[in-house]
Amino acid sequence: MSYNFPATRTTNPKEKPDQSDLGFGRYFTDHMFIMDYDEGEGWHDGRIVPYGPISLDPASCVLHYSQMMFEGMKAYKSADGHVMLFRPEMNAKRLNRTNERMCIPPMDEELFLEAVKAIVLYEEDWIPTYPGTALYIRPYIISDEISFSVEPSKHYHFYIILTPVGAYYDINRGGLTGSHIYVEDEYVRAAVGGTGFVKCGGNYAGGMRATVNALANGCKEVLWLDAKEKKYVEEVGTSNAFFMINGEVITAPLYGSILPGITRDTTIQLLKSWGITVREERLAIEDVKKASEDGTLDEVWATGTACIISPIGVLRYKGEDIVINGGGVGEVSQKLYDTIYGIQTGAIPDEFGWTVTIK
Ligand SMILES: *Cc1c(COP(=O)(O)O)cnc(C)c1O
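One gets the working numbering by counting positions in the sequence shown from 1 and adding 50 to each.
Okay, structure coming up:
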């Protein structure tokens, strides 16, 4: 099936920002994608329009009960001018898993992918090429039934907005660094049976209190423990967490409270291809501490689309610091970052068939 999305061009194009100082979500492109859902009609009228405020009835369901979902992905431009997406079919599948959990109607995966391609190509001249940068893509769905009943909406809007983003770690300031992370042992992010395995706004609103505490303790993010026993490591903020102990890598299994990250899956496949053992197993924070004490804690890092790989230098747990790798960046973390970003931008051959060249 081929889709034709009409486009309305802005009369007011913005000036492009300085690529060496983009930040994350600071600048938005000139256009966005919108599509409607109505019961009986399905998803319809996908279109490209100038970027700008949207209008919602104050009684819209999303504003009160947060029936919504989002995705996060990136587009890259290779040195020879090709435009590439990274494993976008994984985002399409995850979107529908989230929709299912949030009682939002499913979207045809091909329709989703065509919409992403259409808006990215329309905004092609916004894709930055400065090292470490990318065009971040934020698709999301909100429910806009006018109703105070706590029940699934019959009307939805789907949007895609785009923001050119900078290197998470500026190469001019030394590249990757080891972050300080606060091990949260009071608040919890997600319990099994809840919504921890999907990308819905409520998960993030509920986590902010802990993040604010982490910042007040001189840390950049939170390492969440499991909700039931507050014993096993789960995720770091909005990223998945990896622990390398004695040459083997451990990450939390996808048992329902953890977000199945695409970078997580990419990391597991790469490590295995390098002959490194990866175990998806529960790991107690006390065992991380023990490994640090007996000198076997090699590296700890987080993975996600925004940062790709974020090395962790210190875990602050119950007032004590677990220092990893002298607080610096490990060899495996650095190699993962270089390899993934290299594949994403076409600088390293893609043996896995992960990149999708759309132009
Ligand atoms: C998005 C997200 C991740 C990372 O997923 P990617 O697909 O790798 O970007 C991890 N944890 C949480 C809670 C997230 O929201």
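All residues carry an ideal CB built from backbone N, CA and C; glycine is no exception.
Opening and closing residue of the alpha helix (DSSP H) in which residue i lies
i	result
Arg151	138-152
Asn263	251-266
Tyr115	111-115
Asp371	No alpha helix (DSSP H) contains Asp371, which is instead part of the beta strand (DSSP E) from 370-373.
Ser193	No alpha helix (DSSP H) contains Ser193, which is instead part of the beta strand (DSSP E) from 184-193.
Gly311	Careful: Gly311 lies outside any alpha helix (DSSP H) and carries neither H nor E.
Asp337	335-343
Residues sharing a beta bridge with residue i, DSSP
i	result
Trp404	The partner list for Trp404 (beta bridge, DSSP) is empty, contrary to what the question assumes.
Trp274	Glu234
His94	Asp86
Met416	Since the displayed the chain opens at 51 and closes at 409, residue 416 lies outside it and no answer follows.
Pro100	His81
His205	Asp88
Thr288	DSSP, once it has assigned bridges, lists no residue as partnering Thr288.
Pro214	Leu185
Phe6	Outside the shown range of the chain, which is 51 to 409, sits residue 6, and nothing can be said about it.
Ser199	None; Ser199 has no bridge partner.
Ser52	None; Ser52 has no bridge partner.
Leu171	Bridge partners of Leu171: none, in fact.
Ala424	Because the chain spans 51 through 409 in this model, residue 424 falls outside it and cannot be assessed.
Val133	Lys127
Residue i versus residue j: straight-line alpha-carbon distance, rounded
i	j	result
Tyr190	His94	15 Å
Thr213	Arg59	18 Å
Gly413	Val238	Shown here, the chain extends from 51 to 409; a query on residue 413 therefore has no answer.
Glu150	Lys339	38 Å
Glu65	Ala57	20 Å
Val262	Tyr115	23 Å
Glu331	Pro303	5 Å
Asp88	Lys167	23 Å
Lys127	Ala184	8 Å
Val286	Ala352	6 Å
Asp348	Asp71	33 Å
Ala255	Asn62	34 Å
Met294	Leu163	35 Å
Val350	Asp80	39 Å
Glu139	Glu160	9 Å
Ala217	Tyr172	23 Å
Val112	Asn290	27 Å
Ile335	Asp68	42 Å
Gly311	Gly354	7 Å
Gly297	Thr317	15 Å
Val382	Ile300	13 Å
Gln319	Thr405	15 Å
Ala266	Arg366	12 Å
Tyr232	Ser105	39 Å
Ser307	Asp371	26 Å
Beta carbon proximity, residue i to chain C, threshold 9 Å
i	result
Tyr218	In the structure shown, chain C cannot be found, because there is only a single protein chain.
Element boundaries [beta strand (DSSP E), containing residue i]
i	result
Lys127	123-127
Gly243	No beta strand (DSSP E) holds Gly243; DSSP gives it neither H nor E.
Ser383	No beta strand (DSSP E) holds Ser383; the alpha helix (DSSP H) holding it covers 381-394.
Ser360	358-367
Gln329	The amino acid occupying residue 329 in the given sequence is Arg; Gln does not appear at that position. 328-330 is the extent of the beta strand (DSSP E) around Arg329.
Ile300	298-301
Glu349	347-354
Phe74	Neither: Phe74 is in no beta strand (DSSP E) and is coded neither H nor E.
Phe120	118-120
Integer-rounded CB distance, given that residue j should sit under 8 Å from residue i
i	j	result
Met152	Gln117	6 Å
Val379	Thr227	7 Å
Ser323	Val373	30 Å between Cβ atoms; not a contact.
Lys124	Ile187	6 Å
Val242	Tyr305	6 Å
Ile408	Met134	7 Å
Ala109	Ser197	7 Å
Ala356	Phe74	6 Å
Met85	Gly96	4 Å
Asp235	Asp107	Asp235 to Asp107, Cβ: 42 Å. No contact.
Met82	Ile154	Wrong, their Cβ atoms sit about 19 Å apart, outside the cutoff.
Chain-ordered list of residues that sit, by beta carbon, closer than 6 Å to a heavy atom of ligand 1: Gly122, Lys249, Glu285, Thr288, Ser289, Asn290, Leu309, Gly311, Ile312, Thr313, Arg314, Thr353, Gly354, Thr355
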